[in-house]
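Notes follow the structure.
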Amino acid sequence: MDPFHELPFPSTELARETARYVRQRADPAIFNHSMRTYLYGRFLGEQRGLRPDRDYDDELLFLGCVLHDVGLTDDGNGDQRFELDGADLAARHLTAHGVPPDRVEVVWDAVALHLCGDIPLRKRPEIALVTTGAGYDLQPDGPPLPPGYADRIHAVLPRLRATVVLHDAVVGQALAKPQKAPPYSMPGELVRQHTGATWPTWEELMRMEPSWGDY
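Going by this note's numbering, 70 is the number at position 85 of the sequence shown; the sequence numbering is gapless.
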């Protein structure tokens, strides 16, 4: 029996196949986080008066949510920041399943932008709600959930110390490949906190060769 049947996930074949794809590759804590991201993104959308398949494409929202951390899998671990590696892997997966380029682009943006603060919130709901849903699952700062809803979600998708697992995955990738955590990025900040390293100042960055000599 489908363990997720009691929760309002999309039932399209692409949604089910993509959930299986991520579940086979991601740490269970990251997979559960990605699935909860959809539930919380959808809830937060409802608080804004947005209804699935009326105000946004519910399948696209689900695809962006379930794929948003796929850059933290072995298959997604390339040489870019994990959210960009994940966006590229998501696009390859969807393209291989015949998804049209315009729909692939929405998911790519949702995955690539989900760490970009307020920027994705200015985009279409299928992108914005990935960011808000993921943030709510890390720290539920926002409208309260209906009574018992979090218990229902966690019974099917237990947390498994998700915030710890996500932190360690980001840092672990970046320690092996420092280019994945450039200074002043979120991955870079997590590595800085982990290692105690210091970042160069703006002036020090501008003095590095090659330089225009402004300093």
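For each residue, glycine too, the CB sits at the ideal point set by N, CA and C.
- The residues 122, 138, 142, in chain order, have a CB closer than 7 Å to that of residue 21 in the same chain once the five nearest residues on each side in sequence are set aside.
- Straight-line measurement puts the Cα of residue 34 at about 33 Å from the Cα of residue 150.
- Annotation: the segment 43 to 127 contains no complete segment of the beta strand (DSSP E) (minimum length 3 residues).
- DSSP, reduced to helix, strand and coil, places residue 169 outside both helices and strands of the structure shown, so it counts as coil.
- Residue range 13 to 32 is occupied by the alpha helix (DSSP H) that includes residue 13.
- Of all C-beta pairs linking the segment 5 to 23 to the segment 63 to 70, fewer than three are shorter than 8 Å, placing the two stretches out of contact.
- Contact annotation: residue 82 and residue 2 have beta-carbon atoms nearer than 8 Å.
- Boundaries of the alpha helix (DSSP H) around residue 187: 187 to 192.
- Taking one beta carbon from each stretch, the segment 123 to 137 and the segment 99 to 113 have fewer than 3 pairs nearer than 8 Å; the two do not touch.
- Within 10 angstroms of the beta-carbon of residue 27 lie 16 or more other beta-carbons, which makes it buried.
- If you draw a 10 Å sphere on the C-beta of residue 48, you find 16 or more other C-beta atoms in it, and that means buried.
- The DSSP-derived three-state label of residue 163 is helix.
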